[in-house]
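Undergrad: Protein chains in written order, with our numbering: chain A, 1 to 344; chain B, 1001 to 1344. Before I ask anything, let me first share the structure, which is written out below as structure tokens.
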DNA sequence: AACGTTACCGTTAACGTTATCATTAAAATA
DNA sequence: TATTTTAATGATAACGTTAACGGTAACGTT
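Okay, structure coming up:
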């Protein structure tokens, strides 16, 4: 239900901005000199500069970014393409980007793709029409058509959270193999031998990496792998819940679960509770990402911590280094991960 | 630890875009006619239009948003000023805004304020320099200096999630009094008579509204209010935890807690568990917001549901109606709330 | 036949800023 | 004193697009 209150108001949408010319006229200098003052350029007398800035302040002058952008071919804006800003993982990454951007006087325009490749393509094009100076993209899959277009068109961009191994491009991502290894090793050391992995689709490199780490750990500790214990699919709470239920139905005799991410682990917790089993006594559980809610769960979730903020910050920095220097080489940054041991 | 991989790459930052003039030349029409085709204007022959669009597509023409913005004084961009995009409540709101914006061919630029008034002011100014067509602001407090400036400068904006009662402006907010009432009434009907309220600071209107609803419910059911049971302060998990601990220390003999928001309720849950008490048998608990994690908690949290997505969507729609029509009246939209009963 | 109407298209100017070059005055040097 | 250098400023053009207006040809109307 929506309640409306209507009262009189004398505001419209025909806002008036002060232009640099107005400032210049009042200061009795040329527009150019005024521009020099505003932009803190060297070849201007200190007194005139002070005068111009003073008048600009008085009049409430605000630089017209559109005009600047047209002239300088720089908008001071970075486009961000992610799955969903509500996902706590991406919320952290996005936040890191915003913080880093603000510090460098850049702004973030973001677009959600909802894991839809078509929306991703569309979002990229719309952002390019806005003439963003560069793009930060967390791609929905390993498909690389639009990425190659970007390279061809010489658009600065950074891939976030994954790597395209066979393409030379800028990327910042996590050490997923290590993450998968740490999670699995932890469970093994807790005495588990039959560890189920509920993974994401393997055409996404993070899911592939975590599986690889899983295998590596099993191998190291001499445990033979049972393919039936590994499933792939979507990666939210609901999928975690359902895939865990399936594991029970199949009577696979597992004693622990390694979930692709924390959300899935939360789903798994529900299924385990419903089954009347206790975590960690009956079933071991490890998540992935270390979103803030892990600590709030009962029992608090053991998980692999990704440096989410840092992922955002480093991506942005890498992008700016591409934009503002004439670096010709691709740079790939892999962030370290660790395990946060809690109650599960 | 950061690992670097460097390989050769032949990309730079000197991207080249196709201009409308190039398209026009190739199509052997004037720039204006090309513009007509691109903008789907009526006074153009269907054949020429097709030809121009075809060539634009071939050449990979992408409209230069900066030039359009300069000429038309519209950027197709909306500035969003919120506390923190990681806060699940604002993540939902922001998402609603993004979805609604995308549908109308607008983009969102957002800035976090971290509840810092200075940052809020700064963010607004930076967004205005980007010449956003309007602003969606969830203000950090009831201070209205910068708001009044916006009105004076004729900048379209909408206040999100609260109301400035004595100022005529566009706003979308929740029925906080009802929310406070429903939460309190629920606990009363569960048999509680001494209900603690851990609220936000009262200079923020939502906190004030929820307190009002709390009082209203007590009054209706003939329960006298004990001021000692009401505390105000910050509103995150930590504060919920600590304020609950203080309640125990003061031995106030309460049997239920109504928390300002879900995050605080999660903190309260921790404190209650540590005390060795069971929810809801020993202590009743109601949160506020209905963020997605309420359902995942054990026990699942009963809470007041705010229409968060809708809050974002309606705010954006209201802003666009201000921008694109010449409505002169202020419009205030109050969204209904309800209670989601779970286990607590 | 003369005029008006319509459909289509082009010309010009403008949005607000900055880059480039030119200019002036003052200071430094020969 | 004549010349060169330096500091400070101004004039002009340009970024890419669209708005406003003007023009032309084809057709219809009287």
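Yeah, the Cβ is synthetic: ideal placement off N, Cα and C, and Gly gets one too.
For residue 1348 of chain B, which of helix, strand or coil comes out of DSSP?
TA: This structure leaves residue 1348 of chain B out entirely; chain B is present only between 1001 and 1344.
Undergrad: With a threshold of 7 Å between beta-carbons, can residue 1067 of chain B be considered close to chain A, or not?
TA: Yes, its Cβ sits closer than 7 Å to a Cβ of chain A.
Undergrad: Applying the 10 Å Cβ sphere with the 16-neighbour rule, what's the burial state of residue 225 of chain A?
TA: By the 10 Å Cβ count, residue 225 of chain A comes out exposed.
Undergrad: Since residue 48 of chain A is in the alpha helix (DSSP H), which residue starts that stretch and which ends it?
TA: 46 to 59 is the span of the alpha helix (DSSP H), which, as asked, contains residue 48 of chain A.
Undergrad: Using the Cβ count rule (16 or more neighbours within 10 Å means buried), how would you classify residue 173 of chain A?
TA: Buried is the call here.
Undergrad: Closest Cβ-Cβ distance between residue 1009 of chain B and chain A: below 7 Å?
TA: Legend: pLDDT at residue 1009 of chain B = 43, less than 50; position of this residue unreliable, no value from coordinates given.
Undergrad: Kindly identify the DSSP beta-bridge partner or partners of residue 1289 of chain B.
TA: Partner(s): B:1305.
Undergrad: Which one or two residues does DSSP pair with residue 338 of chain A in a beta bridge?
TA: A:305.
Undergrad: Give the single residue among A:168, A:112 and A:78 whose Cα lies nearest to the Cα of residue 99 of chain A.
TA: Ranking the options by Cα distance to residue 99 of chain A, first place goes to A:78.
Undergrad: Ignore the nearest five residues each way along the sequence and tell me which others in residue 85 of chain A's own chain have a CB closer than 7 Å to its CB.
TA: If we look at residue 85 of chain A and ignore the five residues flanking it on each side, its Cβ neighbours are 91, 94, 110 and 112.
Undergrad: Does any residue of chain B bring its CB to less than 7 Å from the CB of residue 94 of chain A?
TA: Yes, contact with chain B.
Undergrad: Measure from the C-beta of residue 1192 of chain B to each C-beta in chain A and report whether the shortest distance is under 7 Å.
TA: Chain A contact via Cβ: absent.
Undergrad: Quick one: residues in its chain with C-beta nearer than 7 Å to the C-beta of residue 29 of chain A, no 5 flanking neighbours on either side, listed in chain order?
TA: 48 and 52.
Undergrad: Determine, for residue 341 of chain A, whether the minimum Cβ-Cβ distance to residues of chain B falls below 7 Å.
TA: By this cut-off, residue 341 of chain A is not an interface position.
Undergrad: So is residue 129 of chain A in contact with chain B if we call contact Cβ pairs under 7 Å?
TA: So, interface residue.
Undergrad: Under the criterion of a Cβ to heavy atom distance below 6 Å, does residue 1018 of chain B qualify as lining the ligand FAD?
TA: What this structure holds is no ligand at all, so the ligand FAD is not there to describe.
Undergrad: Select from A:333, A:328, A:338 and A:339 the residue whose C-alpha is nearest the C-alpha of residue 151 of chain A.
TA: The residue with the shortest Cα to Cα distance from residue 151 of chain A is A:328.
Undergrad: Using a cut-off of 8 Å between C-beta atoms, extract the partners of residue 1289 of chain B located in chain A.
TA: What residue 1289 of chain B touches in chain A: nothing, since even the nearest Cβ is about 13 Å away.
Undergrad: Using 8 Å as the threshold, is the region 1181 to 1193 of chain B in touch with the region 1248 to 1268 of chain B, meaning 3 or more CB pairs across them?
TA: Judged by Cβ distances under 8 Å, the region 1181 to 1193 of chain B makes contact with the region 1248 to 1268 of chain B, as three or more pairs qualify.
Undergrad: For the region 1267 to 1286 of chain B against the region 1318 to 1334 of chain B, are there 3 or more C-beta pairs whose distance is under 8 Å?
TA: Too few Cβ pairs lie closer than 8 Å, so no.
Undergrad: For the region 1213 to 1244 of chain B, which residues have a CB atom closer than 9 Å to at least one CB atom of chain A, in sequence order?
TA: Residues passing the 9 Å Cβ filter: 1237.
Undergrad: Can you give me the C-alpha to C-alpha distance between residue 1072 of chain B and residue 117 of chain A, rounded to a whole angstrom?
TA: Going from the Cα of residue 1072 of chain B to the Cα of residue 117 of chain A covers about 32 Å.
Undergrad: State the DSSP-derived secondary structure class of residue 1076 of chain B, mapped to helix, strand or coil.
TA: Correct three-state label for residue 1076 of chain B: coil.
Undergrad: DSSP three-state label for residue 128 of chain A, please.
TA: Note: residue 128 of chain A maps to helix in three-state DSSP.
Undergrad: What's the gap between the Cα of residue 1144 of chain B and the Cα of residue 62 of chain A?
TA: Answer to the nearest angstrom: the Cα atoms are 20 Å apart.
Undergrad: How big is the Cα-Cα spacing for residue 1165 of chain B and residue 1124 of chain B?
TA: Taking the straight line from one Cα to the other gives about 22 Å.
Undergrad: Could you name the residues of chain A that residue 1075 of chain B contacts, counting a contact when the two beta carbons are closer than 9 Å?
TA: Within 9 Å Cβ-Cβ: 65, 66 and 130.
Undergrad: Do residue 287 of chain A and residue 303 of chain A have their beta-carbon atoms positioned less than 7 Å apart in this structure?
TA: Yes, the pair counts as a contact, with Cβ atoms nearer than the cut-off.
Undergrad: Tell me residue 237 of chain A's beta-bridge partners as DSSP assigns them.
TA: Answer is none; residue 237 of chain A lacks a bridge partner.
Undergrad: Please classify residue 282 of chain A as buried or exposed, where buried requires at least 16 neighbouring CB atoms within 10 angstroms.
TA: When all chains shown are included, residue 282 of chain A counts as exposed.
Undergrad: Alpha carbon to alpha carbon, how far is residue 202 of chain A from residue 211 of chain A?
TA: Distance between the alpha carbons of residue 202 of chain A and residue 211 of chain A: 9 Å.
Undergrad: For residue 1008 of chain B and residue 1016 of chain B, what's the separation of their Cα atoms in angstroms?
TA: Per-residue confidence for residue 1008 of chain B stands at a pLDDT of 40, beneath the threshold of 50, marking its modelled position as unreliable; no derived number is given.
Undergrad: Which chain B residues sit within Cβ distance under 7 Å of residue 293 of chain A?
TA: In chain order: 1293.
Undergrad: Counting only Cβ-Cβ distances shorter than 7 Å, please list the residues of the region 1296 to 1330 of chain B near chain A, keeping chain order.
TA: So the close ones are 1296, 1298, 1322, 1323, 1326, 1328, 1329 and 1330.
Undergrad: Since residue 1158 of chain B is in the beta strand (DSSP E), which residue starts that stretch and which ends it?
TA: Per DSSP, residue 1158 of chain B belongs to the beta strand (DSSP E) from 1157 to 1160.
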